[in-house]
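2 protein chains.
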Amino acid sequence: MIRDLLLGRSRFKDFLASPEGIPTNILSERLSRLLEHRVVTQVPATSGGRHLAYRLTKKGEALGAIILAMRDWGLVWEKGTRAGLVPMQVT
Amino acid sequence: MIRDLLLGRSRFKDFLASPEGIPTNILSERLSRLLEHRVVTQVPATSGGRHLAYRLTKKGEALGAIILAMRDWGLVWEKGTRAGLVPMQVT
DNA sequence: CGGTATCCACATTGATACTG
DNA sequence: CAGTATCAATGTGGATACCG
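Quick note, the sequences are listed as chains A and B, same order. Converting from the first sequence to the numbering used here requires adding 33 to each position, the first position being numbered 1. Converting from the second sequence to the numbering used here requires adding 33 to each position, the first position being numbered 1.
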């Protein structure tokens, strides 16, 4: 999920669509906790629309370093680790 | 515990003595799993003695990068994070 | 000292149904 | 679409007692 956010995904449905197959209740609870710890914030998904999108805060973006370190470790030391995650464009 | 190993601690009792206060059964089970995944290996603690010590493998040492990334994140973003961990001397 | 063996408490997960 | 509400299943952790 954090990975999804780092990849630029931001909508509830995007997270649901991820290959893990997370149930809505779990996703919802996790988002609450991330909001609580200010790792993500909510922003309007579309201008004027009623739906919300989730964006990483600076604090959340900083987690990228950890995720990348884990990814690298996996690629080097664990067979079968796939490298889907590429650092996001800072556009 | 990985942190302890990175700091050069290697004995069962050393891990037990850590401030977390881990019970023997949990510690034992975790060491088994780390052995299984070849993150640690067993070596004789004293030459000739019957006791064992645990040492990180290369794979295990590589986890240091992740631990440090987490430590750094904590120091920057979470108040009250203490910085006990300093990278080990490569002697 | 370095573990095993029990047993219980609690947190996390997951499936599923329902709602504004 | 974006959740909330239940409930059962599983995992993980912790206390404690015991053993070679």
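Backbone N, C-alpha and C define an ideal beta-carbon position, used for all residues, glycine too.
heavy atom of the ligand FAD below 6 Å from residue i C-beta
i	result
Leu38 (chain A)	Absent from the structure shown: the ligand FAD. Ligands present: none.
Integer Cβ distance of residue i from residue j, believed to fall under 8 Å
i	j	result
Ala50 (chain A)	Ala98 (chain B)	Actually they do not touch by this definition, with Cβ atoms about 31 Å apart.
Below-7 Å beta-carbon distance, residue i vs any chain A residue
i	result
Lys112 (chain B)	no
Ala78 (chain B)	no
Ala50 (chain B)	no
Ala22 (chain B)	In the structure as shown, chain B starts at 34 and stops at 124, and residue 22 (chain B) therefore has no counterpart that could be examined.
Neighbourhood of residue i by C-beta, 8 Å cutoff - its chain only, sequence neighbours within 5 removed
i	result
Ala78 (chain A)	Ser43, Arg44, His84, Leu85 and Ala86
Asp47 (chain B)	Asp37
Ile100 (chain B)	Ile35, Arg36, Leu39 and Leu118
Proximity test, Cβ basis, 7 Å: residue i and chain B
i	result
Met34 (chain A)	no
Ala116 (chain A)	no
Ile59 (chain A)	no
Lys46 (chain A)	no
Ile99 (chain A)	yes
Euclidean distance between Cα positions of residue i and residue j
i	j	result
Glu53 (chain B)	Arg115 (chain B)	14 Å
Gly113 (chain A)	Lys91 (chain B)	19 Å
Leu40 (chain A)	Asn58 (chain B)	40 Å
Leu68 (chain B)	Arg104 (chain B)	24 Å
Trp110 (chain B)	His70 (chain A)	10 Å
Leu108 (chain A)	Ile35 (chain A)	19 Å
Gly81 (chain A)	Ile55 (chain B)	53 Å
Glu62 (chain A)	Ala95 (chain A)	22 Å
Arg66 (chain B)	Arg66 (chain A)	29 Å
Nonlocal neighbours in the same chain, by C-beta distance under 7 Å from residue i, ignoring five residues either side
i	result
Arg88 (chain A)	Ser43, Val73, Thr74 and Val76
6 Å CB neighbourhood of residue i in its chain, flanking five on each side removed
i	result
Leu64 (chain B)	none
Gly93 (chain B)	Val72 and Val73
Leu60 (chain B)	Phe48
Trp106 (chain A)	none
Residues that DSSP places opposite residue i in a beta bridge
i	result
Arg88 (chain B)	B:Thr74
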